[in-house]
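Have a look at the structure below before the remarks.
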Amino acid sequence: MRILLINPYSGGYYYRLGAVYPPLGLMYICSSLREKEYSVNFVDMNVERFDWKNFDFGEYDVVGISVDTVRFPVAEKIAKKAKACGTTVVMGGPHATAFYETILRQGLCDYVVLGEGERAFSDLVESIANKEKHPQIPGVAYVRDGDIFVFPSQFIENLDDLPFPDREKVYLYRTKFAGERATSLITSRGCPFNCEFCSASQFMGRRIRWRSVENVIDELKILKKMGYGSVIFFDDNFTINPKRVVNLCEEMLRKDLRFRWWAFSRADELLGHEDMVEAMSKAGCKMLFIGFESADDEVLEEYGKNLKSGIAFDVVKLLKKYRIDVFASFVIGALKDTKKTIEKTVKFARKLKASIVQFSILTPYPGTALFEKLKHLIVEKDWRKFDGTHLVFKHPNFSSKELKRLFIKAYYAAYTSPRLIFRRGIPFLIRLLTRREAYSL
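In my numbering, the protein residues as written are 1 to 441.
Here it is as structure tokens:
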């Protein structure tokens, strides 16, 4: 069996700013397949040329395509071309999981893998190799005699059972953090929170599953040998278990695994856990990404954040005490947002004095509670514009142009303070945000 795994080009503005990391999901699947001695080729269109329009997909028995919302249009075209070549096509990822029935009825692929893909995809390939067209595999959906058959996915309970992600092509990635060559890893899956605009809890479950500290340390040892000086922990919520974080940090120091790293956190998990913050700092943490989202508590309530805006300044003060930078994220365009509340949030962001400030426009991604709430108001048909920089639904208070204007003004305001003016290259950022050609395939 010859298998081709494809990570389609994203083209989003984070990509154009150079924030390109290896797709861990496909890399885990690649490892799982190679563990069973299948022949696997992996293509990431974000870092390598792939002429899919003229490619002979017929050379492969199975083509697997990762699909999130903004990349669906190009993934759809690749799938059609692969199907026309007579190969078996499998789609997976958040968008495919949310719209599996539509995708299957349109005949874009033969199978959809729902949720986590390592076991489901591997078992599916084995069934295809054995000429079983309609296997009953948890996490797989397909059409049979005009009916959709879907077998609910099952979360992988022991993440230590998974082989480490295949990093055969990591040389293609040039991302750096804190001056060091950087790559990503994940130490847990799932999120107990249910923020309205996020699909993490739906896709990975609300119960967190952790890798053991020993297992994480073993992977960090490999990354160190590969020459990495920085890592990014892509857990949805790295700091939710302070005791585990402290244990991991102490073990990193004990094993002399010196990295400069950053991770994702929540504001309310840091206050009251200064010992964890101190341990992270000693172990090399240089930055935390924190979703403060808004300065307005009513907006935070709408988002389902379950926290108050006022704690933000105490959090930043605590992190600065231990020389940990803050990557502050905000979402504008809530249904309760007005021009006044957005301006309040922008002023709030400036006062925080975070090292990096990110603004996104509220986007109802398929698979989120927000999508179900707003799907009758969605007016944008181009999935490429579901990238956090466009208003895609009919808003009660703003037109698309009005909110885009406020979005751009927010970045100007955040990055033109005396200490940051031109330091982050904001004119370049604005050019990127307003480029029409960003949506050409």
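Just so you know, even glycine gets a beta-carbon here, dropped at the ideal spot from N, CA and C.
Just list the residues that DSSP pairs Leu5 with in beta bridges. Phe42 and Gly64
Just confirm the distance between the C-beta atoms of Tyr173 and Thr183, as a whole number of angstroms; I'd bet it's less than 8 Å. 7 Å
Ala178 versus Ala263: straight-line alpha-carbon distance, rounded: 13 Å
Determine, using beta carbons only, whether Ile208 and Ile186 come nearer to each other than 8 Å. no
Kindly indicate which residue of Phe259, Gly284, Arg258 and Leu288 has the alpha-carbon position closest to the one of Leu270. Leu288
For Arg424, which three-state DSSP category applies? With a pLDDT of 49 at Arg424, under the threshold of 50, the modelled position of that residue is not reliable, and no figure is offered here.
Short Cβ contact (8 Å threshold) for Phe197 with Thr341: Result no, Cβ atoms of Phe197 and Thr341 do not sit closer than 8 Å.
Go through its chain and collect everything with a Cβ distance to Arg435's Cβ below 7 Å, but skip five positions before and after it. Unreliable positioning characterises Arg435 in this predicted model, as indicated by a pLDDT of 42, which lies under 50. The coordinate reading is nonetheless provided below. Around Arg435: no qualifying Cβ.
Cutoff 7 Å; reference Asp275; Cβ partners in own chain excluding five residues on either side: Val246
Three or more C-beta pairs below 8 Å linking the stretch 90-97 and the stretch 106-122: yes
Three-way DSSP call (helix, strand, coil) for Lys131 in this model: coil
Could you work out which residue in Cys85, Asn7, Ser309 and Glu157 is closest to Trp210 when comparing CA atoms only? Glu157
Alpha helix (DSSP H) containing Phe313: first to last residue? Ala312 to Lys321
Please determine, among Val112, Leu159 and Glu132, the residue with the shortest C-alpha to C-alpha distance to Asn63. According to the sequence displayed, residue 63 carries Val and not Asn. Closest by alpha carbon: Val112.
Taking a contact to mean a Cβ-Cβ separation below 8 Å, would you say Phe292 touches Phe238 in this structure? no
Hey, could you find the ends of the alpha helix (DSSP H) Asp279 is sitting in? Sequence inspection shows Ala at residue 279; the Asp mentioned does not correspond to that position. Unbroken alpha helix (DSSP H) run through Ala279: Glu274 to Lys282.
Going by alpha carbons, who is nearest to Ile232 out of Asn7, Ile3 and Tyr21? Ile232 has its Cα closest to that of Tyr21, out of Asn7, Ile3 and Tyr21.
Nonlocal neighbours in the same chain, by C-beta distance under 6 Å from Glu180, ignoring five residues either side: Gly229, Ser230 and Arg260
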